[in-house]
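The structure appears right after this line, and notes come after that.
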């Protein structure tokens, strides 16, 4: 979709910290965008989330210059070197630099590697991991 929101509780008072992700060329990724248009975008894309955002917060978001994060990439197709070395975690894919996503993806990679090692002969396990 056009909008991605990541939100986590910010404190025990019920406040949330959210990160709004848009493509760099999106009109709402530009500083000084229209808060009413941003509200309409939220109401269309995330109707359950829109009522939680105050008008003041939308005005602040619309006025704020965008920050850039790297495009998410995946190294492949081979995630192994020969028969003895495998790459996993941040070494094979970029992730958002917050919310612990790097460690979560590394744990998913470990699970995929374990599955490959358990289900394939040792000679082909790393190749199977690379194609998982």
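Numbering (this note's numbering), first residue to last: 812 to 943. Cβ atoms here follow ideal geometry from the backbone N, Cα and C, with glycine treated the same way.
Please classify residue 896: does DSSP put it in a helix, a strand, or coil? strand
Taking 6 Å as the limit between beta carbons, can you name the residues of its chain near residue 918, skipping five residues before and five after? None.
By how many angstroms is the C-alpha of residue 817 removed from the C-alpha of residue 832? Taking the straight line joining both Cα atoms gives about 8 Å.
Cβ contact (3+ pairs, closer than 8 Å) linking the segment 888 to 896 and the segment 850 to 860: By the criterion of at least three beta-carbon pairs nearer than 8 Å, the segment 888 to 896 is not in contact with the segment 850 to 860.
Whose C-beta lies closer than 6 Å to the C-beta of residue 840 among residues of the same chain, with five residues either side of it excluded? 833, 877
Does residue 827 pass the burial test, meaning 16 or more other C-beta atoms within 10 Å, or should it be called exposed? exposed
Nearest-angstrom Cα distance between residue 814 and residue 873? 14 Å
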